[in-house]
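Each residue of the sequence shown is one higher than the one before, starting from 1405 at the first, in my numbering. Ideal Cβ positions, reconstructed from N, Cα and C, are used throughout, including at glycine. Keep in mind that this is a model prediction, so the values were computed, not measured.
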Amino acid sequence: MDAKKYQTIGQQFGRRSWAEPWKIKMVEPIRLASAEERRQAMEGAFSNTFLLRSEDVYIDLLTDSGTNAMSDRQWAGLMLGDEAYAGSRNFYHLEAAMQTYYGYKYLVPTHQGRGAEHILSQAAIKPGQWVPGNMYFTTTRQHQEMAGGTFVDVIIREAHDAADLHPFKGNVDLDKLETLIKDKGAQNIAYVSLAGTVNMAGGQPVSMANVRALRELCDRYGVRIYLDATRMAENAYFIQQREPGYADWTIARILKEFCSYTDGAWMSAKKDNLVNIGGWLAVNDAELFETLRNLVVIYEGLHTYGGLAGRDMEAIAIGIEECVQDDHIRSRVGQVLYLGELLINWDIPIVQPVGGHAVFLDAKRFYPHIPQDELPAQTLAAQLYLDSGIRSMERGIVSAGRDPVTGENRHPALELTRLTIPRRVYTQAHMDIVAEAVKAAYDNRERTRGLRMIFEPKYLRFFQARFEPV
Ligand code: PM9
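Following this line, the structure appears as structure tokens:
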């Protein structure tokens, strides 16, 4: 497969480039701390980029979660917040936007994605059940395990190979899934946990053909499919660009068609939906909906606000409509590809094809002399900050955590450092600076040594763990 085929966003316009479909109205100054300040900040953060203060960061590529720039329409929407405890008009706007663009019947708002994961896991998993999915995500699997489920990875083999150029590396391996269903019995499968643009695989999409076939398989066994829709608009873009038959479809149409093959979805609105806080759950089953909206009042808030202010729900409703616009999504993914291409041209090892929300550096190939137990991806995140004040995130052995049964460290095939691009925040010039910083760390790779963990929290350790040089 031709690598370049999936890198060049402008090819549909011949030699013409894309540009962002907006102009900048307000700016927030950023500052590059001195090398000595960065050294002290990293020491104080114990080499964990989550423990840095934001004011010490120059270009913040920790995450695309809640770090988006809202539009003038969204900011105006905040002023229309109806802060009634019950029945806020913003809830009904959000419900209508979800129904229009995602197509599910019932909506439960939550404070963010993991609030939705918690409630769905409690409602839909019985202790001892299995939860197959297209690669784990940290918070998702944590909630599934805490509800008594066991996650089983059924993503295609290619997803675990950073260099494989399969255009839909997020696809479910249907044979693997069917074998699991037959082996465990359909009644012991809680549901299929399907994610769009699979985060831990490098932001890799699922094809329409795959979700359609998945629906057929699950119908044969009476198994439900719940979708992590967090970055589904980006997934829709890859379908439009890569899957035969969809080039003339809008992102909105592809998104709705994709969702129609699933029974419900959970959402971190902090990503695709272009807000700074928020989430939601949506399902088609009336009985499950009653359970979910009963549980939400215990953990989040009343079923018409779910932990959100009315104004937050208004901003999400407007963000849903904005995030499915073709010109928005083309420039959003285009910026990620721009950064990816710069690195590919310098032969710096990254996950390919380039994903939708981030460029993932392949730390195993970046630092071949650092064994996985000495945390190459964490090391690279620390080095990037030290070199240039750029904040990234480890997505390797630290994020993977320990097996709950054996207590042993999991050793994922992918050991990645994620440069995550917030939506509508940075310019192409920032991307140039980032690429040059990665190049500097790459040129210095042979002198770099690994890390060891000196403090390990019990849950989701990557957020708060502390490290020191080996
Ligand atoms: N993702 C991310 O940076 C934020 C925190 S975890 C490091 O990638 C998916 C696919 C996500 C996700 C969060 C959540 C949870 C669910 N699914 O952060 O609770 O990428 O809104 O969403 C993060 P919340």
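Contact under 7 Å by Cβ, residue i with residue j
i     : j     : result
N1538 : A1599 : yes
A1605 : K1573 : yes
E1850 : A1767 : no
D1779 : L1855 : Looking at the sequence provided, one finds Leu at residue 1779 rather than Asp. Cβ atoms of L1779 and L1855: closer than 7 Å.
A1817 : G1800 : no
G1552 : P1531 : yes
Y1665 : R1624 : no
N1575 : N1614 : yes
Q1546 : S1525 : no
L1631 : A1669 : yes
I1752 : V1842 : yes
M1826 : N1603 : Note that residue 1826 is Pro in the sequence shown here, rather than Met. No, the Cβ-Cβ distance between P1826 and N1603 is not below 7 Å.
R1635 : T1601 : yes
T1514 : G1683 : yes
A1673 : Y1508 : no
Y1830 : V1737 : no
A1501 : G1793 : no
S1469 : K1675 : yes
Residues bridged to residue i (per DSSP)
i     : result
G1711 : DSSP, once it has assigned bridges, lists no residue as partnering G1711.
N1891 : Lying before the first or after the last residue shown, residue 1891 is absent from the chain, which here runs from 1405 to 1874.
S1672 : G1683
A1439 : Bridge partners of A1439: none, in fact.
Q1608 : V1602
I1559 : V1576
W1534 : T1554 and I1593
P1513 : W1684
M1857 : F1871
Y1630 : S1597 and G1668
F1764 : R1822
M1797 : R1822
I1463 : I1794
I1754 : L1765
Residue i: CB within 6 Å of a non-hydrogen atom of the ligand PM9
i     : result
K1573 : no
T1821 : no
T1666 : no
T1453 : no
N1688 : no
F1890 : The structure shown does not extend to residue 1890, since the chain is modelled only from 1405 through 1874, so no value can be given for it.
G1517 : yes
T1467 : yes
T1634 : yes
N1680 : no
N1639 : no
N1603 : yes
S1597 : no
S1672 : yes
Contacts around residue i, its chain only, beta-carbon distance under 7 Å, and the 5 residues preceding and following it disregarded
i     : result
V1627 : I1585, A1590, I1593, Y1595 and V1596
P1873 : R1853 and L1855
R1822 : A1762, F1764, S1796, M1797 and R1799
E1718 : G1481, L1482, L1484, G1485, N1494 and H1497
T1544 : E1521, S1597 and D1632
Own chain residues within Cβ distance below 8 Å of residue i, not counting five before or after
i     : result
N1677 : M1671, I1720, G1723, I1724 and C1727
T1453 : L1466, A1785, A1786, Y1789, R1795, S1796, M1797 and E1798
M1405 : The predicted position of M1405 is uncertain, since its pLDDT is 43 and thus under 50; no value can be drawn from it.
S1458 : D1464
A1651 : Q1644 and Q1645
V1740 : G1607, V1758, G1759, G1760, H1761, A1762, V1763 and I1825
Residues near residue i in its chain [Cβ-Cβ closer than 6 Å; skip 5 each side]
i     : result
Q1503 : none
A1423 : none
G1714 : G1485, D1486, E1487, S1492 and N1494
Minimum Cβ-Cβ distance from residue i to chain B less than 7 Å
i     : result
L1765 : The structure shown has no chain B; it contains just one protein chain.
- Message: Is it the case that the segment 1727-1736 contacts the segment 1644-1655, given that we only count it when at least three CB pairs across the two stretches are under 8 Å?
- Response: Touching, per the Cβ criterion.
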